[in-house]
Amino acid sequence: MAALEEEFTLSSVVLSAGPEGLLGVEQSDKTDQFLVTDSGRTVILYKRFGRTRWFTPVIPELREAQVSDQKPLGSWSVKQGQIITCPAVCNFQTGEYVVVHDNKVLRIWNNEDVNLDKVFKATLSAEVYRILSVQGTEPLVLFKEGAVRGLEALLADPQQKIETVISDEEVIKWTKFFVVFRHPVLIFI
Numbered sequence: 001m002a003a004l005e006e007e008f009t010l011s012s013v014v015l016s017a018g019p020e021g022l023l024g025v026e027q028s029d030k031t032d033q034f035l036v037t038d039s040g041r042t043v044i045l046y047k048r049f050g051r052t053r054w055f056t057p058v059i060p061e062l063r064e065a066q067v068s069d070q071k072p073l074g075s076w077s078v079k080q081g082q083i084i085t086c087p088a089v090c091n092f093q094t095g096e097y098v099v100v101h102d103n104k105v106l107r108i109w110n111n112e113d114v115n116l117d118k119v120f121k122a123t124l125s126a127e128v129y130r131i132l133s134v135q136g137t138e139p140l141v142l143f144k145e146g147a148v149r150g151l152e153a154l155l156a157d158p159q160q161k162i163e164t165v166i167s168d169e170e171v172i173k174w175t176k177f178f179v180v181f182r183h184p185v186l187i188f189i
């Protein structure tokens, strides 16, 4: 199953391809801007130009992205020795960006911030699998053990106990987050 959307070329690297790959490409709060997270230390905000088409398979690991005619608007990196562990996303309610590094450290920043080391930081009590964000609802944080929290509730108490929803043998492989009749729906396999 696939969705036909606008296409643009980012890089010839396959997403989730390991140390030299990209962790993800996510929409910004502006329709012509997107966040690219590499699997190391950097998040880059790009602006795309021209009319393009984007074909997105349902399973993101099969998606391929390529870079051309894109203008970088901003770049943020974590310190040497730290590793970004899930794609950065836009909080569409605030226009801020959210990323997790070293599995448990959540950072929130905006376009004016220059150094990720000096932005809001919350150390969480459990490892994050992914942050998911769509227009019309607050971002959700999906933990590796299957628990889900809204970003605001998590920020109110970052060290709250996170329950285990899936067994130790189970691993999350795929997620989809969308809104149906103004209600957020998160599916993970």
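The sequence shown begins at 1 in UniProt numbering and counts up by one. The beta-carbon is built from N, C-alpha and C at its ideal position, and this holds for glycine as well.
Is L124 helix, strand or coil by DSSP? coil
Of the residues K79, F92, V78 and I84, which one's Cα is nearest the Cα of F34? Per the Cα distances, F92.
Residue(s) in a DSSP beta bridge with F92: None; F92 has no bridge partner.
Would the beta-carbon of T164 be found less than 7 Å away from any heavy atom of the ligand MN? Looking for the ligand MN in the displayed structure turns up nothing, as the structure carries no ligands at all.
For the beta strand (DSSP E) holding L23, just list the boundary residues, first then last. L22 to Q27
The beta strand (DSSP E) enclosing L106, as first and last residue numbers: V105 to W109
So, helix, strand or coil for F188, using DSSP? Three-state DSSP puts F188 in a strand.
Look up Y168 in the DSSP assignment and say whether it is helix, strand or coil. Here residue 168 is Asp; the residue named in the question, Tyr, does not match the sequence. In the structure shown, D168 sits in coil (DSSP, three-state: anything other than H, G, I, E or B).
So who's on the other strand from K71, going by DSSP bridges? K47
Close Cβ partners of S75 (< 8 Å) along its chain, the five nearest in sequence each way excluded: T42, V43, I44 and L45
Which one of G40, V78 and N103 has the shortest CA to CA distance from V119? Taking the Cα of V119 as reference, the smallest distance to any Cα among G40, V78 and N103 is reached at V78.
Using the Cα positions of E138 and I162, report the straight-line distance between them to the nearest angstrom. 19 Å
Is the beta carbon of V128 less than 8 Å from the beta carbon of L140? The Cβ atoms of V128 and L140 lie no closer than 8 Å to each other.
Do you know whose CA, among E170, G150 and I84, lies nearest V185's CA? G150
Assign K144 to one of three DSSP states: helix, strand, or coil. Correct three-state label for K144: coil.
Since L116 is in the beta strand (DSSP E), which residue starts that stretch and which ends it? Element bounds for L116: n/a, residue is neither H nor E.
Strand pairing of T175, partner residues [DSSP]: F188
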